[in-house]
Amino acid sequence: MNVLFPRNMPQLVKALGEPGARILAGGTDLLVRLRAQPDAKLATLVSLDRVAALRGVALEKPGTVLRIGAASTHAELLAHPLVRARLPMLAQALATLGSPPIRNMGTLGGNICTASPAGDTLPPLLVLGAELELASASGTRSLPLADFLLGPGRTALQPGEALTAVRVPLPEPSARQHFEKVGRRDALAVAVVSLAALVRTGGKGAITSASLAWGAVAPGIWRCPEAEAALVGRKLTLSALNSAARIASSRVQPISDVRASADYRRSVTGNLLLRLAAL
Ligand SMILES: Cc1cc2nc3c(=O)[nH]c(=O)nc-3n(C[C@H](O)[C@H](O)[C@H](O)COP(=O)(O)OP(=O)(O)OC[C@H]3O[C@@H](n4cnc5c(N)ncnc54)[C@H](O)[C@@H]3O)c2cc1C
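Sequential numbering from 620 applies to the sequence shown in the working numbering.
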């Protein structure tokens, strides 16, 4: 197998034009999959390791958007003061992703492009309204993350294209952010259910908007507009959250698998909402 190490964007998009080229970021998903399928025919791996333009975090649009390079590692993002201060729900998700070695190697772009229903960064990025920047030899385009994720392991990434950056609108500091993952153990836990929530309240404490996204309960990240609507206009109390939790538990249709039964997932889908009372 051929492995290419482009050093800049022109070299990267040229390398991606090679027949059968596949991006290698941290390798924590891809190499596991390749080991499981030794016969997989991969002509060329294109490493992102030396493309500096794909790393780093910068404020854009006078402080309202954070641009995150797709090859930034989870550990780099977790240590970044702006991510910690302005995107605490993303930081919470990164802190529970894998283990220190996985966070040191794995990248945000790799987590997004793997498109796993249990991918920890996906629920927070969806409720935050993240936009993706994609580049190929024919130019660049942007796409909302919601339109990029097409199903388990399926994305709108075109042949020859790379995810170059993730643009995250920064919620105002008064917005309440929360991420929680329930797994079968504390470390190296794949989500059994996860929830990301972004809740805004008005002057008298009434909820003006609620964005909720659950991981690992559906083939993709699951949204429940009815539960969101049930919160709007009410205060963030246990009674309001109980109403939304009942709606979410009754609508979700999870599967049973080696990690949990469908019934357990259904209860946890609702129960995780009750945590928002402590925000
Ligand atoms: C032991 C272990 C524990 C794990 N625990 C968790 C966990 O708790 N939560 C979780 O969400 N995940 C977990 N993972 C999965 C994995 O670590 C993450 O999904 C990680 O973010 C993948 O990033 P990567 O850089 O290693 O991707 P890679 O493995 O390099 O790539 C993954 C896929 O994305 C493509 N790709 C990568 N970057 C780009 C890009 N910029 N543009 C276009 N395509 C790209 C690759 O071609 C490949 O198809 C775990 C994995 C292991 C091995």
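Glycine residues also receive a C-beta, built at the ideal position from the N, C-alpha and C atoms. Just so it is clear, the structure is predicted and the values come from calculations on it, not from any experiment.
Problem set entry | Helix, strand or coil at N621 [DSSP, three-state] | Mapped onto the sequence shown, residue 621 falls at position 2. Three-state result, N621: strand.
For this session: For the alpha helix (DSSP H) containing P657, list its first residue and its last residue.
Result: Working through the sequence shown from its first residue, we reach residue 657 at position 38. Here P657 belongs to no alpha helix (DSSP H), and DSSP marks it neither H nor E.
Problem set entry | Spatial distance of A816 from L701 (CA atoms) | By one-based count along the sequence shown, residue 816 stands at place 197. By one-based count along the sequence shown, residue 701 stands at place 82. Rounded to whole angstroms, A816 to L701 spans 19 Å at the Cα level.
Problem set entry | Cβ contact (3+ pairs, closer than 8 Å) linking the region 650 to 665 and the region 620 to 635 | yes
For this session: Identify, in the order they occur along the chain, each residue of the same chain with its Cβ nearer than 7 Å to the Cβ of S761, setting aside the five sequence neighbours on each side.
Result: As a first step, residue 761 must be located in the sequence shown, where it is residue number 142. Around S761: E750, L751, E752.
For this session: Take S862 as the anchor and find which of L850, V871, Q872 has the nearest alpha-carbon.
Result: Mapped onto the sequence shown, residue 862 falls at position 243. Checked all of L850, V871, Q872; the closest Cα to S862 is L850.
For this session: Identify, in the order they occur along the chain, each residue of the same chain with its Cβ nearer than 7 Å to the Cβ of C732, setting aside the five sequence neighbours on each side.
Result: Within the sequence shown, numbered from 1, the residue matching residue 732 stands at position 113. For C732, where only same-chain residues beyond five positions count, the Cβ hits under 7 Å are T774, L776, L782.
For this session: Give me the Cα-Cα distance between R669 and R819, rounded to the nearest whole angstrom.
Result: Position 50 of the sequence shown, counted from the first residue, corresponds to residue 669. Position 200 of the sequence shown, counted from the first residue, corresponds to residue 819. Taking the straight line from one Cα to the other gives about 40 Å.
Exercise. Where does V702 sit, in a helix, a strand or coil, going by DSSP?
Worked result: Here residue 702 is taken as the residue at index 83 of the sequence shown, counted from 1. Helix at V702.
For this session: Consult DSSP for S868 and reduce its assignment to one of helix, strand or coil.
Result: Translated into positions along the sequence shown, residue 868 becomes position 249. S868 falls in the helix class under three-state DSSP.
For this session: For G675, decide whether its Cβ has a neighbour in chain D, counting only Cβ atoms nearer than 8 Å.
Result: Included in the structure is just one protein chain, with no chain D present.
Problem set entry | Sub-8 Å separation of G748 and P788 beta-carbons | Within the sequence shown, numbered from 1, the residue matching residue 748 stands at position 129. Within the sequence shown, numbered from 1, the residue matching residue 788 stands at position 169. It is a contact, given that the beta carbons lie within the stated cut-off.
Exercise. Is the beta carbon of L709 within less than 7 Å of some heavy atom of ligand 1?
Worked result: Working through the sequence shown from its first residue, we reach residue 709 at position 90. No - ligand 1 has no heavy atom lying nearer than 7 Å to the Cβ of L709.
Exercise. Rounded to a whole number of angstroms, what is the C-alpha to C-alpha distance between D876 and V836?
Worked result: In the sequence shown, the residue the question calls residue 876 occupies position 257. In the sequence shown, the residue the question calls residue 836 occupies position 217. Distance between the alpha carbons of D876 and V836: 11 Å.
Problem set entry | Close Cβ partners of R928 (< 6 Å) along its chain, the five nearest in sequence each way excluded | Because the chain is modelled from 620 through 898, residue 928 falls outside the range shown and cannot be assessed.
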